[in-house]
Amino acid sequence: MSSFIGRERELSRTAALLATARLVTLAGPAGIGKTRLAVRTVRTLGRSRGTDVVWADMVGVSRGGGAALERELVRRLDGREGLLVLDGCEQLGPEAGPLVSALLVRLPRLRILATSQRAVGQAGEALLAVPPLAVPPPAATDAAPGPALPSAASVAEVAEYEAVRLYEERARGADPSFELTEHNAGAVAALCRALDGIPGALELAAGRAHRHTPAEALRLLTADPLEFLPGGAGRAGGADALRTCSLAPPDERLLWDRLSVFAGSFDRDAVVEVCGFAPLGPRRAAEALERITPALLEDAAHPGRHRLPLSVRALAARRLALAPDGGGATVARRHRERCRATAERAARLWRSGAQREARALAVAELPELRAAMDPLAPAGPGGALEIAVSLWFLWSPCGLVTEGRRHLERALALHPAPRPARALWLAAWLVAGSGEAESADPLLVEAWTAAVQEGEDACVAYLAHLRGLVALWRDRPWEAAAEFREALELLPAEPEFGPGPEALRAALTMALAHTDPASVPVEDGPPDGPVDLWARSWTGYAHALVQRREGRPALARAELLRALEIQLLLGDGLGQALSAELLAELEADAGCYEESARLLGAVAGTRPASACLPRAERVLGARMDPEAFRTAFAEGARTPLRALLPEL
809 MSSFIGRERE LSRTAALLAT ARLVTLAGPA GIGKTRLAVR TVRTLGRSRG
859 TDVVWADMVG VSRGGGAALE RELVRRLDGR EGLLVLDGCE QLGPEAGPLV
909 SALLVRLPRL RILATSQRAV GQAGEALLAV PPLAVPPPAA TDAAPGPALP
959 SAASVAEVAE YEAVRLYEER ARGADPSFEL TEHNAGAVAA LCRALDGIPG
1009 ALELAAGRAH RHTPAEALRL LTADPLEFLP GGAGRAGGAD ALRTCSLAPP
1059 DERLLWDRLS VFAGSFDRDA VVEVCGFAPL GPRRAAEALE RITPALLEDA
1109 AHPGRHRLPL SVRALAARRL ALAPDGGGAT VARRHRERCR ATAERAARLW
1159 RSGAQREARA LAVAELPELR AAMDPLAPAG PGGALEIAVS LWFLWSPCGL
1209 VTEGRRHLER ALALHPAPRP ARALWLAAWL VAGSGEAESA DPLLVEAWTA
1259 AVQEGEDACV AYLAHLRGLV ALWRDRPWEA AAEFREALEL LPAEPEFGPG
1309 PEALRAALTM ALAHTDPASV PVEDGPPDGP VDLWARSWTG YAHALVQRRE
1359 GRPALARAEL LRALEIQLLL GDGLGQALSA ELLAELEADA GCYEESARLL
1409 GAVAGTRPAS ACLPRAERVL GARMDPEAFR TAFAEGARTP LRALLPEL
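For any residue, its number in the numbering used here is found by taking its place in the sequence shown, counting from 1, and adding 808.
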């Protein structure tokens, strides 16, 4: 297998740019593969065009040596036609730009291919950002806070990714017995993600395959990246991180350090807000960010956002912690305040009906929000709970139940008595939503007492709503309807947090669909004001219940598909489970038993464990051969729900 993995597109682009531009710069952080791409490019041009190539390595050139290097290159290349490669231009610092400019003027028949961690900054420069290798995505969105953990993954799925192929090749070089197996594929995928897909870092890690399994390597890397990745020439470890920071001017060094407060990616506004304080003001912070951007990793999922490579962030965080001026505490406080404001802004978007935008904002900022919800941080458990409650919609309506529960339980465990009612209500909701309704009872009691003492009418209403949900899951719709009516009576018209009145009305509609279908309200045209998509999906589910009971399966199916479209968009796992189970009932009613079983299998892992057995499963148990049911159910469990719904 070639060591030049996953670079064919960049190779073609580099060759194409050199055909039209006199200066092409391959930019990116240490270890990303700039030099290898340059080597491969000149070999390709040499074979295809017979290009005369001269290679100049900047690593051995000291600061202030730019003028001497210019004289030497002009002496050697005057009058020649071909390609000059300047490898490692960041070593020259601010001298790189004048050097390249002078060479372009004095050697008019030469083109220049530069590699650098920053743009050379000359007119006509064609800048090509060298990306990291593709890495496997996380196995699930409902991840625990903190570093990504290994999970079960198939060899075939993981081996498709460039980063994994490189790791596997280099690991086999260090340990000839190494194999990518079902046992270690998840750990290898997580390790490749943690290393950002940077080839140099992957090779450093793979070189220790004879000493550590992938799972052990991931633990060591998480504990101390600089210890695990000591670095080396052309790599992406501690030595290269130190070189990156030490070569930068003072403003940039200070910005590197302050950027380490970001757990994930950041944009310009975030950097200015968090890092732009004395002696590095907002304008200078923005200018420094623009200069160092080529040495950062682009966030492919969120254009315009970047993040620090792992080893650089680890080194910068260490430097920031040791800063004598106390800047570390200030940047941490500003970061936490920004996270609090972001969580509140996302909650306002949700309440205003912009629920897709609210979810997108919270997901984009989730690494930062996770860091801010650390109850051991200076803001304490109270500050962590404040952010967690603002993000209530991310935990339940958007499906991150397990993660939200962990944040709340950890902070509540450290919070002195009395514990806040809002956080207790949300914790009880997430515990019940995890299928542990009985475990939620002590939290419900404590939350009700705290809500009464604090005068939190909205919290008292939400507790009634939660009791109604539990009753509904246990097939006690009359009891649920009474709880939902009480919740609507108690809830303020414009609550400061939590679900709005539309969501509680949707819950009542679900209960009425079971107890009194004739009283289920019918929508007369589009509603006035903002639309609560989440509530609308549950109302659609309730209408589907009524349509099915009244013998109109086509209308019921149409309602369910509209509800599922919203639930898939938001990530509402509970909504998807119940809607798919009702859809499975329709399929069973029509005699499509295998389709029904596949739908049940697709959502088996997301329904509340305390909920009663789906009716469709009882029907299929009586009408299908047990082996045929198990086969179809297992097939559904391996298939994304959307793939079973061709109409979507």
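Just so you know, even glycine gets a beta-carbon here, dropped at the ideal spot from N, CA and C. Nothing here was measured: the structure is a model prediction, and the numbers come from that model.
Practice problem: Kindly provide the ranges of any alpha helix (DSSP H) runs that are 4 or more residues long and lie completely inside the segment 968-1002, ordered along the chain. | Solution: If we require 4 residues or more, the alpha helix (DSSP H) runs fully inside the segment 968-1002 come out as 970-982 and 993-1002.
Practice problem: Starting from D1077, trace the alpha helix (DSSP H) both ways and give me its first and last residue. | Solution: Residue 1077 sits at position 269 when you count from the first residue of the sequence shown. R1076 to C1083 is the extent of the alpha helix (DSSP H) around D1077.
Self-check item: Strand pairing of R840, partner residues [DSSP]
Solution: By 1-based counting over the sequence shown, the position of residue 840 is 32. A small correction: the amino acid at residue 840 is Ile; Arg does not occupy that position in the sequence shown. I840 is not bridged to any residue.
Exercise. Would you kindly work out how many angstroms separate the C-alpha atoms of L1408 and A1362, rounded to a whole number?
Key: Taking the sequence shown and counting its residues from 1, one reaches residue 1408 at position 600. Taking the sequence shown and counting its residues from 1, one reaches residue 1362 at position 554. Each residue's alpha carbon lies about 20 Å from the other.
Quiz item: Nearest CA to the CA of A1319: which residue from P1303, G1348 and R1284?
Solution: Taking the sequence shown and counting its residues from 1, one reaches residue 1319 at position 511. Comparing Cα-Cα distances from A1319 to each of P1303, G1348 and R1284, the minimum goes to R1284.
Exercise. Consult DSSP for A937 and reduce its assignment to one of helix, strand or coil.
Key: Sequence index remark: in the sequence shown, residue 937 carries index 129 (1-based). A937: strand per DSSP, three-state reduction.
Practice problem: Would you kindly work out how many angstroms separate the C-alpha atoms of V1278 and A1248, rounded to a whole number? | Solution: Taking the sequence shown and counting its residues from 1, the one referred to as residue 1278 is at position 470. Taking the sequence shown and counting its residues from 1, the one referred to as residue 1248 is at position 440. Their backbone Cα atoms lie some 10 Å apart in a straight line.
Exercise. Tell whether a beta-carbon distance below 8 Å holds between T849 and L921.
Key: As a first step, residue 849 must be located in the sequence shown, where it is residue number 41. As a first step, residue 921 must be located in the sequence shown, where it is residue number 113. Contact flag set, yes.
Quiz prompt | 8 Å contact criterion, which V1139 and C1083 should meet: CB distance rounded | solution = Locating residue 1139 in the sequence shown gives position 331, counting from the first residue. Locating residue 1083 in the sequence shown gives position 275, counting from the first residue. Yes, they are in contact, since the Cβ atoms of V1139 and C1083 sit about 6 Å apart, within 8 Å.
Quiz item: Should E968 go down as buried or exposed, given a rule of 16 or more other Cβ atoms within 10 Å for buried?
Solution: Stepping through the sequence shown from its first residue, residue 968 is reached at position 160. With fewer than 16 other Cβ atoms within 10 Å, it is exposed.
Practice problem: Can you tell me the Cβ-Cβ gap for E1395 and S1387, rounded? I've got them flagged as a contact below 8 Å. | Solution: As a working mapping, residue 1395 is identified with position 587 in the sequence shown. As a working mapping, residue 1387 is identified with position 579 in the sequence shown. 13 Å between Cβ atoms; not a contact.
Quiz item: Under the three-state reduction of DSSP, which class applies to V928: helix, strand or coil?
Solution: Indexing the sequence shown from 1 puts residue 928 at position 120. When secondary structure is reduced to three states using DSSP, V928 falls in the coil class, being assigned neither helix nor strand.
Quiz item: Does the distance from the C-beta atom of P1007 to that of L941 stay below 8 Å?
Solution: On the sequence shown, position 199 is the one that residue 1007 refers to. On the sequence shown, position 133 is the one that residue 941 refers to. Cβ atoms of P1007 and L941: closer than 8 Å.
Quiz item: Going by alpha carbons, who is nearest to T1323 out of S1345, E1302 and A1290?
Solution: As a first step, residue 1323 is located in the sequence shown; it is residue number 515 there, counting from the start. Per the Cα distances, A1290.
Self-check item: Local conformation of G1444 per DSSP, three classes
Solution: The residue you call residue 1444 lines up with position 636 of the sequence shown. Taken through DSSP and simplified to helix, strand or coil, G1444 comes out as helix.
Practice problem: Report the rounded CA-to-CA distance for A875 versus T828, giving the unit in angstroms. | Solution: Within the sequence shown, residue 875 is the residue found at index 67, counting from 1. Within the sequence shown, residue 828 is the residue found at index 20, counting from 1. Approximately 28 Å, taken between the alpha carbons.
Quiz item: At a cut of 8 Å, does the segment 1136-1151 reach the segment 1165-1179 through at least three beta carbon pairs?
Solution: yes
Quiz item: First and last residue of the beta strand (DSSP E) that includes L1208?
Solution: Mapped onto the sequence shown, residue 1208 falls at position 400. It is not in any beta strand (DSSP E) - L1208 carries neither H nor E in the DSSP assignment.
Quiz item: Looking at the structure shown, is T1414 part of a helix, part of a strand, or coil, going by DSSP?
Solution: Translated into the one-based positions of the sequence shown, residue 1414 becomes position 606. Residue state, collapsed to three classes: coil.
Quiz item: D1380 by DSSP, collapsed to three states: which one?
Solution: Residue numbering aside, residue 1380 sits at position 572 when the sequence shown is read from its first letter. Here D1380 sits in coil by DSSP.
Exercise. List the DSSP bridge partners of E1254.
Key: Here residue 1254 is taken as the residue at index 446 of the sequence shown, counted from 1. Answer is none; E1254 lacks a bridge partner.
Exercise. Could you spell out the range, first to last residue, of the alpha helix (DSSP H) harbouring G890?
Key: On the sequence shown, residue 890 is found 82 positions in, with the first residue counted as 1. That residue, G890, is in no alpha helix (DSSP H); its beta strand (DSSP E) goes G890 to D895.
Practice problem: Identify, in the order they occur along the chain, each residue of the same chain with its Cβ nearer than 7 Å to the Cβ of A952, setting aside the five sequence neighbours on each side. | Solution: Counted from its first residue, the sequence shown places residue 952 at position 144. Low per-residue confidence applies at A952: pLDDT is 40, beneath 50, and the placement is therefore not dependable enough to give any value.
Practice problem: Would you list the residues sitting across from T923 in a DSSP beta bridge? | Solution: Stepping through the sequence shown from its first residue, residue 923 is reached at position 115. L834 and D895.
Quiz prompt | Rounded distance between the beta-carbons of R1099 and E1060, thought under 8 Å | solution = Along the sequence shown, one-based indexing puts residue 1060 at 252. Along the sequence shown, one-based indexing puts residue 1099 at 291. With a Cβ gap of about 6 Å, E1060 and R1099 count as contacting.
Quiz item: Going straight from the alpha carbon of V1080 to that of A1071, what length do you get?
Solution: For the purposes of this step, residue 1080 is taken as the residue at position 272 of the sequence shown. For the purposes of this step, residue 1071 is taken as the residue at position 263 of the sequence shown. Roughly 16 Å separates the two Cα atoms.
Self-check item: Nonlocal neighbours in the same chain, by C-beta distance under 8 Å from A1094, ignoring five residues either side
Solution: Residue 1094 sits at position 286 when you count from the first residue of the sequence shown. Contacts found: R1076, V1079, V1080 and G1084.
Exercise. Output the distance between the C-alpha atoms of P1309 and L1296, rounded to the nearest integer angstrom.
Key: The residue you call residue 1309 lines up with position 501 of the sequence shown. The residue you call residue 1296 lines up with position 488 of the sequence shown. In a straight line, the C-alpha of P1309 is about 7 Å away from that of L1296.
Practice problem: Would you tell me roughly how many angstroms separate the C-alpha atoms of V966 and A995, rounded to the nearest one? | Solution: Residue numbering aside, residue 966 sits at position 158 when the sequence shown is read from its first letter. Residue numbering aside, residue 995 sits at position 187 when the sequence shown is read from its first letter. Cα to Cα, V966 sits roughly 10 Å from A995.
Quiz prompt | L1452, DSSP secondary structure in three states | solution = Looking up residue 1452 in the sequence shown gives position 644. L1452 falls in the helix class under three-state DSSP.
Quiz item: Where does P1102 land, buried or exposed, given buried means 16+ other C-beta within 10 angstroms?
Solution: Mapped onto the sequence shown, residue 1102 falls at position 294. Classification of P1102: buried, given that the 10 Å Cβ count is 16 or more.
Quiz item: Among V913, T923 and G901, which residue has its Cα nearest to the Cα of R844?
Solution: Here residue 844 corresponds to residue number 36 of the sequence shown, with the count starting at 1. Nearest C-alpha to R844: T923.
Quiz item: Helix, strand or coil for D1324 per DSSP?
Solution: In the sequence shown, residue 1324 corresponds to position 516, counting from 1. Three-state result, D1324: coil.
Self-check item: Nearest candidate by alpha-carbon position, reference A1366, set Q1375, H1351, D1380 and L1377
Solution: The count along the sequence shown starts at 1 and reaches residue 1366 at position 558. Of the listed residues, the one whose Cα sits closest to A1366 is H1351.
Quiz item: With 16 other CB atoms within 10 Å as the buried threshold, where does W1286 fall?
Solution: One-based indexing of the sequence shown puts residue 1286 at position 478. By the neighbour-count rule (16 or more Cβ atoms within 10 Å), W1286 is not buried but exposed.
Quiz prompt | Nonlocal neighbours in the same chain, by C-beta distance under 7 Å from A823, ignoring five residues either side | solution = Along the sequence shown, read from residue 1 onward, the residue named residue 823 stands at position 15. Excluding positions up to five away in sequence, the list reads T849, T852 and L853.
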